[in-house]
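Down below is the structure, laid out as structure tokens.
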Amino acid sequence: MAHTAVAKKQSEPKMSRALVRQETIAGYLFLLPSLIFFIGFVIYPMVMCIFTSFFDSSMNRADVFIGLQNYVELFHDSVFLGALRNTLIIVVVSVPITCIFSLWVASAIVNMPPWATSLFRVIFYLPVVTGSVAVTVVWKWMFNNYYGIFNYLGKSMGLLDQNINWLGDTRYALACIILILLTTSVGQPIVLYVSALGNVDQSLVEAAEVDGATKLQAFWKIKWPQIMPTTLYILVITTINSFQCFALIQLLTSGGPNHSTDTIMYYIYYTAFKLYRYGYGNAMGVILAIMIAVLSAVQFKVTRSD
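Reading the sequence shown from the start, the letters are residues 1 to 306 in full-length UniProt numbering.
Below you can see the structure in the form of structure tokens.
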């Protein structure tokens, strides 16, 4: 009997390992279609982007290895430096405003009756689900220098003496792009913040208010730490979306006037698909990816330290 019990105990781990192995194989088989898609359409293009950035690559001839020459040329290219500056301006302006405005709106509507909260969420989220082309066409009409609503209201209220070519003037074009980007960026953060604020432990807030804490103190000491994971997610996705601003530029200004609204994403498109300099465009893509990765890492570090 003792020998049988020992043999049974020895056989159990083997059966357990076999079961784990079968479950692992089954799991990877279920994962395989998505894994193939991810490797084929994400990993492979990323590797080829980095690889091709070291070549003088174009459609009309064989690739020529040139080492780091594309990267050296980038930082002597005045158009790229201008696009880099515009991209950083968009990120620095739009990301904080989007997060602060979204948190303010969410704080204002989260305690409203459910129907009112849902109504405001729908209103703010509509530009997100509406096609970017349709939204851009409406904004292009509003900014039109002949019959646009901004010129009409400005002249009607005595704020403008004459029509302004908003999208054709280097003084206003980038600001107009940022304004449109803000209106299409706040919908998702507002929805996320409403959900996060709704999950805050209200008993802690009420206890703090009973102890004499102001609403600002209760928010900063109790609510803010609890919504920090949501804030980190919003910061990261808003930063990435701001760095990758392309559709608005392509549909409204095509980088003009005089490259004043060029962004890195648009200049990558222009270089690769208009000038057919794929290696040079891929070098810009690598620089953009590094910038996004570094800034995202900084955001993770700062929010975790808080």
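Beta carbons are placed, not taken as given, at the ideal position from N, Cα and C, and that holds for glycine.
- Mind checking who Asp56 pairs with in its DSSP beta bridge? Translated into the one-based positions of the sequence shown, residue 56 becomes position 56. Answer is Val64.
- Message: The alpha helix (DSSP H) that contains Cys99, what's its start and end?
- Response: Taking the sequence shown and counting its residues from 1, one reaches residue 99 at position 99. Run containing Cys99: Ser78 to Ile109, per the alpha helix (DSSP H) assignment.
- Query: What are the start and end residues of the alpha helix (DSSP H) that includes Val137?
  - Reply: Taking the sequence shown and counting its residues from 1, the one referred to as residue 137 is at position 137. Its alpha helix (DSSP H) spans residues Ser132 to Met142.
- Any idea what DSSP makes of Ala289, helix, strand or coil? Within the sequence shown, residue 289 is the residue found at index 289, counting from 1. The answer is helix: DSSP assigns Ala289 an H, G or I state.
- Pairwise C-alpha distance: Tyr276 and Met59: Residue 59 sits at position 59 when you count from the first residue of the sequence shown. Residue 276 sits at position 276 when you count from the first residue of the sequence shown. Answer to the nearest angstrom: the Cα atoms are 6 Å apart.
- Rounded C-beta distance between Leu160 and Leu252? I'm assuming under 8 Å. In the sequence shown, residue 160 corresponds to position 160, counting from 1. In the sequence shown, residue 252 corresponds to position 252, counting from 1. Contact flag wrong, Cβ pair sits at about 21 Å.
- For Gln188, the first and last residue of its enclosing alpha helix (DSSP H): Against the sequence shown, residue 188 aligns to sequence position 188. Its alpha helix (DSSP H) spans residues Gly187 to Gly198.
- Between Ile177 and Leu248, is the Cβ-Cβ spacing less than 8 Å? Position 177 of the sequence shown holds residue 177. Position 248 of the sequence shown holds residue 248. For Ile177 and Leu248, yes; Cβs fall inside 8 Å.
- Query: Residue ranges of each alpha helix (DSSP H) run of no fewer than 4 residues wholly in the segment 144-192, ordered along the chain?
  - Reply: 149-156 and 173-185
- Task: Under 8 Å by Cβ, that's how I've got Val64 and Asp77 pegged, so tell me the actual separation to the nearest angstrom.
- Result: Your numbering for residue 64 matches position 64 in the sequence shown. Your numbering for residue 77 matches position 77 in the sequence shown. That belief does not hold up - the Cβ atoms of Val64 and Asp77 are roughly 19 Å apart, past 8 Å.
- Item | C-alpha gap between Gly158 and Trp139, whole angstroms | The residue you call residue 158 lines up with position 158 of the sequence shown. The residue you call residue 139 lines up with position 139 of the sequence shown. Approximately 22 Å between the Cα atoms of the pair.
- With distances taken Cα to Cα, identify the nearest neighbour of Gln188 among Leu288, Ile287, Tyr125 and Leu232. Indexing the sequence shown from 1 puts residue 188 at position 188. Nearest option by C-alpha distance: Tyr125.
- Beta-carbon separation of Ile190 and Ala106 under 8 Å? The residue you call residue 190 lines up with position 190 of the sequence shown. The residue you call residue 106 lines up with position 106 of the sequence shown. Yes. Within cutoff.
- Message: When you measure from the CB of Val210 to every non-hydrogen atom of the ligand NAP, does any distance come out below 7 Å?
- Response: Judged by which ligands are present, the structure shown has none, so any question about the ligand NAP falls away.
- Query: If we count the other Cβ atoms within 10 Å of its Cβ and call it buried at 16 or more, is Tyr44 buried or exposed?
  - Reply: Against the sequence shown, residue 44 aligns to sequence position 44. Counting Cβ neighbours within 10 Å, Tyr44 comes out exposed, since fewer than 16 surround it.
- Tell me whether Leu258 sits in a helix, a strand or coil according to DSSP, three-state version. The residue given as residue 258 occupies position 258 in the sequence shown. Looking at the sequence itself, residue 258 is Asn, so the reference to Leu does not match. Correct three-state label for Asn258: coil.
- Excluding five sequence neighbours on each side, which residues of the same chain lie with their C-beta closer than 7 Å to the C-beta of Asn145? Start at 1 with the first residue of the sequence shown, and residue 145 comes out as number 145. Closer than 7 Å at Cβ, skipping near neighbours: Asn151, Asn163, Ile164, Asn165, Trp166 and Gly168.
- Item | Close-in-space but distant-in-sequence residues of the same chain around Val194 (CB under 6 Å, 5 per side omitted) | As a working mapping, residue 194 is identified with position 194 in the sequence shown. Only Ala106 and Val110 meet the Cβ criterion.
- Item | Where the alpha helix (DSSP H) containing Phe41 begins and where it ends | Taking the sequence shown and counting its residues from 1, one reaches residue 41 at position 41. Note, Phe41: premise wrong, no alpha helix (DSSP H); not H, not E.
- Message: So, with DSSP's three-state summary, where would you put Gln244?
- Response: Numbered from its first residue, the sequence shown carries residue 244 at position 244. Reduced to three states, the DSSP call for Gln244 is coil.
- Query: What three-state label does DSSP hand Met112 in the structure shown?
  - Reply: The residue given as residue 112 occupies position 112 in the sequence shown. Coil at Met112, not helix or strand.
- Message: Please classify Phe54 as buried or exposed, where buried requires at least 16 other C-beta atoms within 10 Å of its C-beta.
- Response: As a working mapping, residue 54 is identified with position 54 in the sequence shown. Classification of Phe54: buried, given that the 10 Å Cβ count is 16 or more.
- Task: Please report how far the alpha carbon of Leu192 lies from the alpha carbon of Thr230, in whole angstroms.
- Result: Here residue 192 refers to the residue found at position 192 of the sequence shown. Here residue 230 refers to the residue found at position 230 of the sequence shown. So the two alpha carbons sit approximately 7 Å from each other.
- Between which two residues does the alpha helix (DSSP H) containing Leu216 stretch? Translated into the one-based positions of the sequence shown, residue 216 becomes position 216. Here the alpha helix (DSSP H) through Leu216 covers Lys215 to Ala218.
- For Thr98 and Ser185, the rounded distance between their alpha carbons: Start at 1 with the first residue of the sequence shown, and residue 185 comes out as number 185. Start at 1 with the first residue of the sequence shown, and residue 98 comes out as number 98. The straight-line gap from Cα to Cα measures roughly 7 Å.
- 8 Å contact criterion, which Ala283 and Asn86 should meet: CB distance rounded: Taking the sequence shown and counting its residues from 1, one reaches residue 283 at position 283. Taking the sequence shown and counting its residues from 1, one reaches residue 86 at position 86. Contact flag wrong, Cβ pair sits at about 18 Å.
- Task: Compute the Euclidean distance between the alpha carbons of Ile180 and Leu84, then round it to the nearest angstrom.
- Result: Your numbering for residue 180 matches position 180 in the sequence shown. Your numbering for residue 84 matches position 84 in the sequence shown. Approximately 19 Å between the Cα atoms of the pair.
- Query: Just how far apart, CA to CA, sit Gln217 and Leu204?
  - Reply: Within the sequence shown, residue 217 is the residue found at index 217, counting from 1. Within the sequence shown, residue 204 is the residue found at index 204, counting from 1. Near 12 Å, if we compare the C-alpha coordinates of Leu204 and Gln217.
- Ignore the nearest five residues each way along the sequence and tell me which others in Leu295's own chain have a CB closer than 7 Å to its CB. Within the sequence shown, the letter at position 295 stands for residue 295. Result list for Leu295: Thr239, in chain order.
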